[in-house]
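Per the UniProt record's numbering, residue 1 is the first one in the sequence shown, and the count goes up by one each step.
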Amino acid sequence: MTDGPRDQSGDEAAAVDGSHPGGLSSATPPGTVVVLPLHGLPEVREGADLAGLLVDAAGQVGGLRDGDVLVVSSKVVSKARGLREPAGEGREALVLRHARRVVAERRTTTGTTRIVEAEAGPVMAAAGLDASNTGPDGGVLVLPADPDRAAAVLRAEVVALVPGIQRLGLVLSDTAGRPWRAGQTDLALGAAGVGVLDDLRSAVDADGRPLAVTARAVADEIAAAADLVKGKVAQVPAALLRGLDDVVPSADAGASPGARSLVRTGPGDWFALGHREAVRAALGAPPATAAAAAVGVPAAGPEEEPERGARAVRLALLGHEEARVHGSPASGYAVHAQDPVLAGRVAARLEVALVGEEITATVQVIPTPGG
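Structure follows, in structure tokens:
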């Protein structure tokens, strides 16, 4: 609950004349963006006045100004809203409960790790469940189911506390990995009052050539920039960005699309499944199913070729148990069945399954009376 407007008059004056570290003066070069960590936020508990805490923390760097962008870790929003699951419940079951679909899964020494399309929107590991820095209440923190709405509500609460502020961007950030890139970075989980995408496809480059595919994910760039001054270890869950007036629309510009619009879905999603999962799903073992478990989930690390070959055989025989397969990757495989059509079908399935396991081996069909 908010408790009325906050007095920022002293801090705002310092920010306007540039004497405060958070200020931008008339002498500041055009295009300058200032990223300021918001220190002093206490441990956030369920029911906390998060908007008030953010406004007070912003007061230490000159107060909020029209055109500013607040970046807030989704973790503190989850804490304030009491979005927790009990620590005793199995993590794998929790992940599936908070996922729309499974993209990829790998076996590890501690269980099965899954990349999923989270209920909150993005594709990420473990549906964004977080068991670190959960505070004294413990449990496992979960993401808001509608992060854009959560961002809009928090933004409205902040604006209500700061007289004169109309143009304020707010981004809820979360940490995720990226395909083809090592490490993690922060992305925009939710957004309100800020343009999330800068579509340049109607513009031209410096040489006059039309830009056909360029669209900057501005909200993700803002979240990543803020993470340079935030951090789990430093326990700084929020940052203020100043100098981004061009991406903070005017109050009468209408609602801008939220961060969910940055998630590729449908025909635009070229990577709806991992490469192994696509093969396994086509052969009847989609990820996170009993069939996938029966066939065996690939390991996250290197596996010996015989182990991968045995898994390919189990996948080929899934639903075709009347056939038999003998052999190995080194010697090749022989498919036996009384029915030659069945033998041919299993052989074709095995060839595909072997490709999914990155194995090159011969496959022969041997119709055998009696199996």
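Ideal placement from N, C-alpha and C gives every residue a C-beta, glycine not left out.
Taking 7 Å as the limit between beta carbons, can you name the residues of its chain near A51, skipping five residues before and five after?
Taking the sequence shown and counting its residues from 1, one reaches residue 51 at position 51. Excluding positions up to five away in sequence, the list reads T2, L154, E157, V158 and L161.
Quick check: the segment 258-265 against the segment 315-328, are there 3 or more CB pairs under 8 Å?
no
Pull up the distance between the alpha-carbon of V313 and that of A353, whole angstroms please.
As a first step, residue 313 must be located in the sequence shown, where it is residue number 313. As a first step, residue 353 must be located in the sequence shown, where it is residue number 353. Using only the alpha carbons, I get a separation of about 7 Å.
What would DSSP say about D245, mapped onto helix, strand or coil?
Translated into positions along the sequence shown, residue 245 becomes position 245. If DSSP states are grouped into helix, strand and coil, D245 belongs with the helices.
Measuring alpha carbon to alpha carbon, tell me which of A316, E304, D269 and R308 ends up nearest A291.
Counting from 1 along the sequence shown, the entry for residue 291 is found at position 291. Taking only the C-alpha atoms, the option nearest A291 is A316.
If A238 and K230 are in contact, beta carbons under 8 Å, what's the gap, nearest whole angstrom?
Taking the first residue of the sequence shown as position 1, residue 238 is located at position 238. Taking the first residue of the sequence shown as position 1, residue 230 is located at position 230. Contact holds; Cβ gap of about 7 Å.
Which first and last residues belong to the beta strand (DSSP E) in which D174 is found?
The residue you call residue 174 lines up with position 174 of the sequence shown. Residues G169 to R178.
beta-carbon A323 near the ligand NAD non-hydrogen atom, thresh 7 Å
Only the bare structure without any ligand can be found here, which leaves the ligand NAD out of the picture.
Taking the DSSP output, what are the residues bridged to T108?
If you number the sequence shown from 1, residue 108 lands on position 108. Partner(s): G111.
Stretch-stretch touch, CB-based, cutoff 8 Å, three pairs: the segment 179-195 with the segment 114-126:
yes
Terminal residues of the continuous beta strand (DSSP E) containing H275?
If you number the sequence shown from 1, residue 275 lands on position 275. Looking at the DSSP string, H275 is not in any beta strand (DSSP E); the run it does join, the alpha helix (DSSP H), is H275 to A282.
Can you tell me whether I222 is buried or exposed, with buried defined as 16 or more other CB within 10 angstroms of its CB?
Locating residue 222 in the sequence shown gives position 222, where the first residue counts as 1. I222 is buried by the Cβ-count criterion.
So, does the segment 32-49 touch the segment 135-142, judging by three or more C-beta pairs under 8 Å?
yes
At least three beta-carbon pairs within less than 8 Å, the segment 82-99 to the segment 53-66
no
Is it buried or exposed, V355, if we count other Cβ atoms within 10 angstroms and call 16 or more buried?
The sequence position of residue 355 within the sequence shown is 355, counting from 1. Flag for V355 reads exposed.
Write down every uninterrupted run of the beta strand (DSSP E) in the segment 121-168 whose length is 3 residues or greater and which is fully enclosed by it, in chain order.
123-125
Just to confirm before moving on: does the CB-CB distance between V33 and L244 stay below 8 Å?
Mapped onto the sequence shown, residue 33 falls at position 33. Mapped onto the sequence shown, residue 244 falls at position 244. Yes, the pair counts as a contact, with Cβ atoms nearer than the cut-off.
Sub-8 Å separation of residue 375 and L168 beta-carbons
Given that the chain is displayed from residue 1 to residue 371, the structure contains no residue 375 and the question cannot be resolved.
DSSP three-state assignment for G319, whether helix, strand or coil:
The residue you call residue 319 lines up with position 319 of the sequence shown. Correct three-state label for G319: coil.
N- and C-terminal bounds of the alpha helix (DSSP H) containing D186:
Here residue 186 refers to the residue found at position 186 of the sequence shown. Counting along the chain, D186 falls outside any alpha helix (DSSP H), though it belongs to the beta strand (DSSP E) covering R181 to A192.
Span of the beta strand (DSSP E) around G327
As a position in the sequence shown, residue 327 is number 327, starting the count at 1. Where G327 is concerned, the enclosing beta strand (DSSP E) stretches over R324 to S328.
Can D68 and L283 be called in contact, C-beta distance under 8 Å?
As a position in the sequence shown, residue 68 is number 68, starting the count at 1. As a position in the sequence shown, residue 283 is number 283, starting the count at 1. Contact flag unset, no.
Throw me the rounded Cβ distance for the V95 and A127 pair, which I believe falls under 8 Å.
By 1-based counting over the sequence shown, the position of residue 95 is 95. By 1-based counting over the sequence shown, the position of residue 127 is 127. About 5 Å separates the two Cβ atoms, so the contact holds.
Using only CA atoms, which one of T110, P29, E117 and T108 lies nearest to R101?
Residue 101 sits at position 101 when you count from the first residue of the sequence shown. It is E117.
One or two residues paired with I366 in a DSSP bridge
Within the sequence shown, residue 366 is the residue found at index 366, counting from 1. Answer by DSSP bridge pairing, in chain order: H336.
Going by beta-carbon coordinates alone, are H336 and T368 separated by less than 8 Å?
Residue 336 sits at position 336 when you count from the first residue of the sequence shown. Residue 368 sits at position 368 when you count from the first residue of the sequence shown. Going by C-beta atoms, H336 is nearer than 8 Å to T368.
Taking G332 and T362 to be in contact with their CB atoms under 8 Å, please state how far apart those CB atoms are, rounded to whole angstroms.
Looking up residue 332 in the sequence shown gives position 332. Looking up residue 362 in the sequence shown gives position 362. 4 Å between Cβ atoms; contact.
Status (buried if at least 16 other CB within 10 Å, exposed otherwise) for E358
Working through the sequence shown from its first residue, we reach residue 358 at position 358. Burial call: exposed.
If you drop the 5 nearest sequence neighbours on each side, which residues of the same chain put their C-beta closer than 8 Å to that of S9?
Along the sequence shown, one-based indexing puts residue 9 at 9. Bear in mind that the predicted position of S9 carries a pLDDT of just 49, short of 50, making it too unreliable to give a figure here.
If you count every other CB in all the chains shown that lies within 10 Å of the CB of V55, and 16 or more means buried, which is it?
Numbered from its first residue, the sequence shown carries residue 55 at position 55. Classification for V55: buried.
Would you kindly report the start and end of the unbroken alpha helix (DSSP H) that includes S73?
Here residue 73 is taken as the residue at index 73 of the sequence shown, counted from 1. Run containing S73: none in the alpha helix (DSSP H); it sits in the beta strand (DSSP E), V69 to S73.
When the Cα atoms are used, what is the spatial distance from P113 to A300?
Translated into positions along the sequence shown, residue 113 becomes position 113. Translated into positions along the sequence shown, residue 300 becomes position 300. In the sequence on display, residue 113 carries Thr and not Pro. Cα to Cα, the separation comes out at about 8 Å.
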